[in-house]
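Heads up, the thing below is written out as structure tokens.
Residue numbers (our numbering): 165 to 505.
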């Protein structure tokens, strides 16, 4: 049983799990309602064993250092294949660079300090990793149902890696009841592999300017700004060159959420739309969530693709964060909740 630390304050509560450093158990007092905005995988309670291991305890929010995994070259479109080509540059990487969303998502974190409104934890990466240590702080807002986060990344040497965050929101059962309102972005890209062949409907690798008009594999466009979809599917979009903000409106609950960050830290936003599209275990056609993931990277294609020339960085949007051991990188971001206007 993993250690869990809890904060309770007048506007709600949250848990922070030692395993994976994951946020969970968030309840917020929004007006007269007690709302649970975030997702936790429906299979966790059954203790299922899964591959990759991150799925066994997939919870509400966590940092990904590095972001993504080792992705099969044959699964992506021709335009993306060269980015996943193995090369001599791989010699500078170790196995933690290919673990889905990083070592910190599956190992146990240690408590650094806590008080009545915040918890700070840390994790040391294996000695073979270029990443030395992560420090993570989650704090409640004394004046409202909001959360602030800070992540500090320390390295053993100068490296470039894809880095991201992974907040996961619960979706209502009613089709179209959850609206996505992203900030301004330069261009959008559909996931280079689908991501679920034979199920995903968006055209792999396609570019777009409006999430209400996303190119479809069958031709034409479709709106991706309201969820859940009426059909079962699995979709991933990346909004590149975004201004560091996104808003959501849950019409079913009458609440509005916001996520904000410094675009100098994360220049893109990944939208993972899990809409009962995976029929195999542990998903079992029951998973319904929206991953809202500030990132500097290439979808979940991992370190190799993000460091290489790729269709995103060739359009002027960086896909790695430069990390210097002399200057630890601290990233701050904020989640807000309110009654919808």
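All C-beta atoms in this analysis are idealised placements derived from N, C-alpha and C, irrespective of residue type, glycine included.
Beta-carbon contacts of residue i that lie in its chain and below 7 Å, excluding the five residues immediately before and after
i           : result
residue 302 : 178, 180, 187, 282, 283, 311 and 313
residue 320 : 294, 296 and 489
Neighbourhood of residue i by C-beta distance below 6 Å, restricted to the same chain and skipping five residues each side
i           : result
residue 222 : 205
residue 340 : 390
residue 441 : 360, 363, 396, 397 and 398
residue 343 : 390 and 413
residue 370 : 354 and 379
residue 449 : 440 and 443
residue 464 : 232
residue 166 : 181, 182 and 183
residue 429 : 495
residue 488 : 322
residue 498 : 312 and 424
residue 502 : 420
residue 470 : 326, 461, 462, 483 and 484
residue 466 : 232, 233, 234 and 235
residue 245 : 237
residue 247 : 469, 472 and 474
Minimum C-alpha distance to residue i - residue among the options
i           : options               : result
residue 215 : 184, 170, 242 and 264 : 264
residue 387 : 423, 354, 416 and 472 : 354
residue 474 : 376, 356 and 172      : 356
residue 393 : 385, 367 and 338      : 338
residue 482 : 406, 419 and 499      : 406
residue 346 : 491, 431 and 226      : 431
residue 435 : 385, 501, 445 and 329 : 329
residue 258 : 376, 325 and 416      : 325
residue 287 : 280, 279 and 296      : 296
residue 375 : 348, 294 and 485      : 348
residue 150 : 367, 400 and 277      : Summary: the structure shown does not reach residue 150, with the chain confined to residues 165 through 505, and so no result is reported for it.
residue 454 : 400, 498 and 168      : 400
residue 209 : 452, 331, 446 and 491 : 446
residue 236 : 250, 492, 300 and 306 : 250
residue 191 : 493, 309 and 317      : 309
residue 433 : 299, 377, 332 and 365 : 332
residue 416 : 253, 224 and 199      : 199
residue 274 : 168, 207 and 252      : 168
residue 306 : 315, 279 and 316      : 279
residue 506 : 351, 224, 194 and 300 : Since the displayed the chain opens at 165 and closes at 505, residue 506 lies outside it and no answer follows.
Opposing strand residues paired with residue i [DSSP bridges]
i           : result
residue 484 : According to DSSP, residue 484 bridges with nothing at all.
residue 497 : 313 and 425
residue 178 : 171
residue 372 : 352
residue 410 : 346 and 423
residue 282 : 303
residue 274 : 286
residue 388 : Answer is none; residue 388 lacks a bridge partner.
residue 323 : 487
residue 318 : 297
residue 362 : The partner list for residue 362 (beta bridge, DSSP) is empty, contrary to what the question assumes.
residue 328 : 228 and 459
residue 379 : 385
residue 503 : 419
Same chain only: Cβ atoms within 8 Å of residue i, ignoring 5 sequence neighbours per side
i           : result
residue 218 : 184, 264, 265, 269 and 270
residue 241 : 356, 357, 368 and 369
residue 476 : 353, 402, 404, 432, 462 and 483
Alpha helix (DSSP H) segment containing residue i, residue limits
i           : result
residue 297 : Counting along the chain, residue 297 falls outside any alpha helix (DSSP H), though it belongs to the beta strand (DSSP E) covering 295 to 304.
residue 466 : 466 to 471
Start-to-end residues for the beta strand (DSSP E) that takes in residue i
i           : result
residue 436 : 432 to 439
residue 475 : Segment: none, residue 475 is in no beta strand (DSSP E) and carries neither H nor E.
residue 460 : 452 to 460
residue 397 : 397 to 404
residue 333 : 332 to 334
Closer than 9 Å to chain D by CB, residue i
i           : result
residue 497 : The structure shown contains no chain D, having only a single protein chain.
Go through the segment 183 to 266 residue by residue and report every complete run of the beta strand (DSSP E) that reaches 3 residues or more, in order. 187 to 194 and 197 to 199
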